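> Each residue of the sequence shown is one higher than the one before, counting from 1 in our numbering. Structure provided below as structure tokens; questions to follow.
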Amino acid sequence: MKSTIRRRPRPTWTHAAALLIAAFVAAPLYWMFAGSVKSRTEIAADPPTPWPEDMTWENYEEAFGRYDFGTYMSNSVLVSVIATVMVLALATFAGYALARLPVRGRTPIMVALLMISLFPTIALAAPLYLLMRETGMLNSHQGLIVVYVALNVPFAIWILRNYFLSVPQEMEEVAWMDGASPVRTIVSVILPQARPGVFTAGVFTFTACWTEFLIAVTLNSADAYRTIPVGMALFGDQYDVPYGTIFAAATVSVLPIALLVLVFRKAVVSGLTSGAVKG
Numbered sequence: 001m002k003s004t005i006r007r008r009p010r011p012t013w014t015h016a017a018a019l020l021i022a023a024f025v026a027a028p029l030y031w032m033f034a035g036s037v038k039s040r041t042e043i044a045a046d047p048p049t050p051w052p053e054d055m056t057w058e059n060y061e062e063a064f065g066r067y068d069f070g071t072y073m074s075n076s077v078l079v080s081v082i083a084t085v086m087v088l089a090l091a092t093f094a095g096y097a098l099a100r101l102p103v104r105g106r107t108p109i110m111v112a113l114l115m116i117s118l119f120p121t122i123a124l125a126a127p128l129y130l131l132m133r134e135t136g137m138l139n140s141h142q143g144l145i146v147v148y149v150a151l152n153v154p155f156a157i158w159i160l161r162n163y164f165l166s167v168p169q170e171m172e173e174v175a176w177m178d179g180a181s182p183v184r185t186i187v188s189v190i191l192p193q194a195r196p197g198v199f200t201a202g203v204f205t206f207t208a209c210w211t212e213f214l215i216a217v218t219l220n221s222a223d224a225y226r227t228i229p230v231g232m233a234l235f236g237d238q239y240d241v242p243y244g245t246i247f248a249a250a251t252v253s254v255l256p257i258a259l260l261v262l263v264f265r266k267a268v269v270s271g272l273t274s275g276a277v278k279g
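Structure representation (structure tokens):
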């Protein structure tokens, strides 16, 4: 009996293209980390050194000490996590209703949600500032959370609605025959099957809140309520730009997003592809 020998796939141009794209994406991240552990003298060296000759952590100490980066980071965590949870809660029920229930004007609603999600944020900055000023929600976490929820719910509804369409309807019918309420059906039957879609919407929402700058700088001018993007933009002054400190803060701020993508990468890919052929 002849044994079959598995041959390793030969590298092709697709592998080379993938490696080239990976290197193109990884190069700025590498340079950012390398710059975060260089001294000011070495950062300004010409030609630049590819790796620090004398590694130092003073940039991280300056970011968390002199510029109070820890406060900015805790604000971003608080706002992003609460906004993401609220977006998922609202988008789950709205997406299920648009996917399964006989809603009138479903197509116009979906078109309106798409238009809202694509609306330029800069056009909303001034009206939102006036609205938050009248309601007394400037320089607060609550005001930023409310705005982030409103801005991210439409896109999350799109993702979850398309994923709910890929869930077999027979599972819901069995739950209804067993006497389950609509809410119990969503929580116990639909959500376990739609977990990749929920993870996808959550990752996109958290990333959008974590990296948002314009609304955050418009609504919160007090240092105690600034988030990471706003705080980093204020590092230094007109005579000094601390590149090493900025690199250090940027490196720390990238870590949560990188961990989310690494942990939920399979769920995100599945959530983006599932339901793509469904209406």
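We put the beta carbon where it would ideally sit given N, CA and C, even for glycine. Bear in mind the structure is a predicted one, so any value in this text is a computation, not a measurement.
Can you tell me whether DSSP reads D178 as helix, strand or coil?
Three-state DSSP puts D178 in coil, outside helix and strand.
> Would E172 pass as an interface residue toward chain B - the criterion being a Cβ-Cβ separation below 7 angstroms?
Going by chain labels, chain B is absent from the structure shown, which holds only one protein chain.
> Whose C-beta lies closer than 6 angstroms to the C-beta of V81 among residues of the same chain, with five residues either side of it excluded?
Contacts found: none.
> Just the Cα atoms here: how many angstroms apart are A180 and A208?
Rounded to the nearest angstrom, the two C-alpha atoms are 35 angstroms apart.
> Do I348 and A91 have their CB atoms nearer than 7 angstroms?
The question about residue 348 has no answer, for the chain in this structure spans 1 to 279.
> Helix, strand or coil for D223 per DSSP?
Residue state, collapsed to three classes: helix.
> Does the distance from the C-beta atom of F247 to that of G35 stay below 7 angstroms?
A contact, by the Cβ cut-off of 7 angstroms.
> Grab me the residues of A83's own chain with a C-beta within less than 6 angstroms of its C-beta, minus the 5 sequence neighbours each way, in chain order.
The answer, listed in chain order, is I145, Y148, V149, C209.
> On the DSSP letters alone, give me the boundaries of the alpha helix (DSSP H) that S39 sits inside.
Note, S39: premise wrong, no alpha helix (DSSP H); not H, not E.
> Going by DSSP, name the residue or residues bridged to D240.
D240 pairs with D237.
> Per DSSP, what kind of secondary structure is W210 in: helix, strand or coil?
It is helical.
> Between which two residues does the alpha helix (DSSP H) holding L98 run?
Note, L98: alpha helix (DSSP H), 69-100.
> Short of 7 angstroms in beta carbon distance, which residues of its chain neighbour V263, apart from the five on each side in sequence? Order them along the chain.
Once the five neighbours on either side are set aside, V263 has no close Cβ partner at all.
> Alpha helix (DSSP H) containing F264: first to last residue?
No alpha helix (DSSP H) holds F264; DSSP gives it neither H nor E.
> Pull up the distance between the alpha-carbon of F282 and that of V187, whole angstroms please.
No answer is possible for residue 282: the residues shown for the chain start at 1 and end at 279.
> So, with DSSP's three-state summary, where would you put L260?
DSSP places L260 in helix when its eight states are reduced to three.
> Quick check on the DSSP output: the alpha helix (DSSP H) that includes W158 runs from which residue to which?
W158 -> alpha helix (DSSP H) spans 141-165.
> Residues in its own chain within less than 8 angstroms of V254 by CB, not counting five upstream and five downstream?
Closer than 8 angstroms at Cβ, skipping near neighbours: L29, M32.
> Helix, strand or coil for M110? Go by DSSP, reduced to three states.
The answer is helix: DSSP assigns M110 an H, G or I state.
> With distance defined between alpha-carbon atoms, name the residue in P256, G244, A18, R226 nearest to N59.
The residue with the shortest Cα to Cα distance from N59 is G244.
> Assign E212 to buried or exposed, taking buried as 16 or more other Cβ atoms, counted over all protein chains shown, within 10 Å of its Cβ.
So E212 counts as buried.
> To the nearest angstrom, how far is it from the Cα of I122 to the Cα of V217?
Their Cα atoms are separated by approximately 12 angstroms.
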